[in-house]
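Just so you know, the sequence shown maps onto residues 9 to 201 in the working numbering.
Glycine included, C-beta positions come from ideal geometry on N, C-alpha and C.
Working notes, beginning with the structure itself.
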Amino acid sequence: MEDKKTYIFNCGKELFSAKGFKDTNVSDITEKAGIGVGTFYNYYSSKDKLFMEIYLEENAKLKKSIMESVDPDDDPLKLIQEFMSQNLSGMNSNPILKEWYNKDVFSKIEQQYREENGNNSVDFLYGNVSELIEKWQAEGKMRDDIDGELIMAIFATLINIDTHKEEIGFKYFPKILEYITEFVIKGLTDNPK
């Protein structure tokens with residue numbers, strides 16, 4: 009039974025990667041998987057659910073890869089800038105993760121997923137980053153008067169800025185993101201006492 013779900017997942021991933029979310033429908037997935045539509049719905053209640061499961065797995069792989077490539081002992085500003093740069097590159101090079109930029113599609117799917125699974129179910133930064141924050145706070149490299157979860161939310165906000173490239177303007181966006189990251193990290197690493 010789990011093998012069939014995995015097979016549907018893999019077929020969906022292949023189709024979403026090739027055709028995108030909007031141009032892939034359940035019948036495409038079931039045809040590729042060689043199953044009936046009813047069988048699909050035994051495993052996934054909707055195309056959106058399947059896509060979000062695939063998206064979350066791809067996102068977790070990217071974040072894990074980034075965390076394995078950075079030096080946790082680096083200066084917080086250098087590490088976070090490297091994290092942001094690799095995240096942006098990884099999002100743009102992965103057709104599944106690139107759907108993040110399709111606001112009409114992704115915001116609807118994410119909202120539905122949060123409603124069904126709880127607000128904290130879609131977490132775009134993972135435990136390793138919160139562990140780093142705790143480490144930096146203990147070492148005096150990051151302000152300890154700000155809760156670690158709030159700092160995580162600030163980092164998530166930096167990642168979300170990426171979805172507003174058009175409004176900000178493509179010409180200045182990369183530099184603006186770099187400066188905002190620098191300003192945020194400097195604000196978090198300066199001791200206010």
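Distance CB(residue i)-CB(residue j) smaller than 9 Å
i: residue 117; j: residue 63; result: yes
i: residue 193; j: residue 58; result: no
i: residue 73; j: residue 44; result: no
i: residue 173; j: residue 181; result: yes
i: residue 150; j: residue 185; result: no
i: residue 203; j: residue 30; result: Nothing can be reported for residue 203, as the shown portion of the chain is limited to 9 through 201.
i: residue 167; j: residue 141; result: no
i: residue 60; j: residue 136; result: no
i: residue 115; j: residue 94; result: no
i: residue 120; j: residue 56; result: yes
Residue range of the unbroken alpha helix (DSSP H) whose run includes residue i
i: residue 46; result: 45–51
i: residue 34; result: 34–41
i: residue 168; result: 156–169
i: residue 103; result: No alpha helix (DSSP H) contains residue 103, which DSSP labels as neither H nor E.
i: residue 192; result: 181–197
i: residue 75; result: 55–77
i: residue 174; result: 173–176
Contact belief for residue i with residue j at Cβ below 8 Å, rounded distance in angstroms
i: residue 104; j: residue 66; result: 5 Å
i: residue 170; j: residue 96; result: 6 Å
i: residue 28; j: residue 107; result: 7 Å
Kindly confirm or deny that the segment 49–62 and the segment 16–35 touch, where touching means at least three C-beta pairs closer than 8 Å.
-> yes
Using 8 Å as the threshold, is the segment 85–94 in touch with the segment 151–162, meaning 3 or more CB pairs across them?
-> The answer is no - the segment 151–162 does not touch the segment 85–94, with fewer than three Cβ pairs under 8 Å.
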